[in-house]
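Asks: Take this structure, written in structure tokens, and hold onto it; I'll ask about it next.
In full-length UniProt numbering, the protein residues as written are 1 to 163.
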């Protein structure tokens with residue numbers, strides 16, 4: 001994902017105040033609803049089938065996130081020297097394990113369950129004077145450029161200054 005500043009937006013103070021007031025009203029309504037719900041839930045309830053099912057799903061939930069690249073590009077702040085800054089992540093895994101951290105599927109009811117989290121190649125970079133990916137016209141080229149600039153076990157992108 002590429003994020004770039006939008007130079008075409010004109011600030012409208014009246015609209016900003018209206019949006020702020022609407023946000024406050026929504027927050028007050030949510031707080032009031034939460035207060036009413038807490039009053040209703042004073043009675044202790046037994047686990048329902050749905051609650052047990054949800055708990056079982058959470059115990060065995062495994063998440064795999066691969067090849068993430070968030071990039072901010074700015075060619076307006078300093079027109080002679082555009083810059084890009086971003087975060088890349090090769091992979092992030094959440095897996096269910098037993099007490100010895102061996103991968104498993106929890107079939108029986110347990111009070112304690114274990115998750116193993118592994119992260120590979122989380123990188124933060126900031127490059128001044130860099131080539132802007134957002135200037136590319138073809139979406140496939142943009143996607144390819146973003147993917148090729150993610151650090152992995154086998155490749156390290158050139159021209160990136162990691163912090």
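Backbone N, C-alpha and C fix where the C-beta goes; we use that ideal spot for every residue, glycine too.
(1) Quick one: grab the DSSP three-state call for residue 4.
(2) Compare the C-alpha of residue 79 against each of 98, 141, 53 and 130 and name the closest.
(3) The alpha helix (DSSP H) spanning residue 108 covers which residue range?
(4) Which one of 111, 97 and 112 has the shortest CA to CA distance from residue 105?
(5) Residue 78 by DSSP, collapsed to three states: which one?
(6) DSSP on residue 99, reduced to helix/strand/coil?
(7) Compare the Cα-Cα distances from residue 108 to each of 81, 55, 117 and 157 and report the closest residue.
(8) By the three-class DSSP mapping on this structure, what secondary structure does residue 123 have?
(9) Looking at the secondary structure, which residues open and close the alpha helix (DSSP H) in which residue 21 lies?
(10) Just curious, the alpha helix (DSSP H) that residue 56 is in, first and last residue?
(11) So the alpha helix (DSSP H) residue 141 belongs to, where does it begin and stop?
(12) Between the Cα of residue 70 and those of 82, 128, 146 and 17, spot the shortest distance and give me the residue it belongs to.
(13) For residue 58 and residue 112, what's the separation of their Cα atoms in angstroms?
(14) Rounded to whole angstroms, what's the CA-CA distance from residue 119 to residue 154? Just pull it up for me.
(15) Out of 152, 84, 125 and 110, which has the shortest C-alpha to C-alpha gap to residue 134?
Replies: Short version:
(1) Here residue 4 corresponds to residue number 4 of the chain shown, with the count starting at 1. Coil at residue 4, not helix or strand.
(2) Indexing the chain shown from 1 puts residue 79 at position 79. Looking at the Cα atoms, 130 is the closest of the given residues.
(3) Sequence index remark: in the chain shown, residue 108 carries index 108 (1-based). Looking at the DSSP string, residue 108 is not in any alpha helix (DSSP H), and its letter there is neither H nor E.
(4) Position 105 of the chain shown holds residue 105. That would be 97, whose Cα lies nearest to the Cα of residue 105.
(5) The residue given as residue 78 occupies position 78 in the chain shown. Correct three-state label for residue 78: coil.
(6) Counted from its first residue, the chain shown places residue 99 at position 99. When DSSP states are grouped into helix, strand and coil, residue 99 belongs to the coil group.
(7) Looking up residue 108 in the chain shown gives position 108. Closest by alpha carbon: 55.
(8) Residue mapping note: residue 123 aligns to position 123 of the chain shown, counting from 1. Correct three-state label for residue 123: strand.
(9) Counting from 1 along the chain shown, the entry for residue 21 is found at position 21. Looking at the DSSP string, the run of the alpha helix (DSSP H) that includes residue 21 is 13-40.
(10) For the purposes of this step, residue 56 is identified with residue 56 of the chain shown, where counting begins at 1. Element bounds for residue 56: 49-60.
(11) The sequence position of residue 141 within the chain shown is 141, counting from 1. It spans 139-148 - the alpha helix (DSSP H) in which residue 141 sits, taken as one unbroken run.
(12) Numbered from 1 along the chain shown, position 70 holds the residue referred to as residue 70. Nearest option by C-alpha distance: 146.
(13) Sequence index remark: in the chain shown, residue 58 carries index 58 (1-based). Sequence index remark: in the chain shown, residue 112 carries index 112 (1-based). Spanning the two alpha carbons is a distance of roughly 12 Å.
(14) As a working mapping, residue 119 is identified with position 119 in the chain shown. As a working mapping, residue 154 is identified with position 154 in the chain shown. Each residue's alpha carbon lies about 16 Å from the other.
(15) The residue labelled residue 134 in the question sits at position 134 within the chain shown. Residue 134 has its Cα closest to that of 84, out of 152, 84, 125 and 110.
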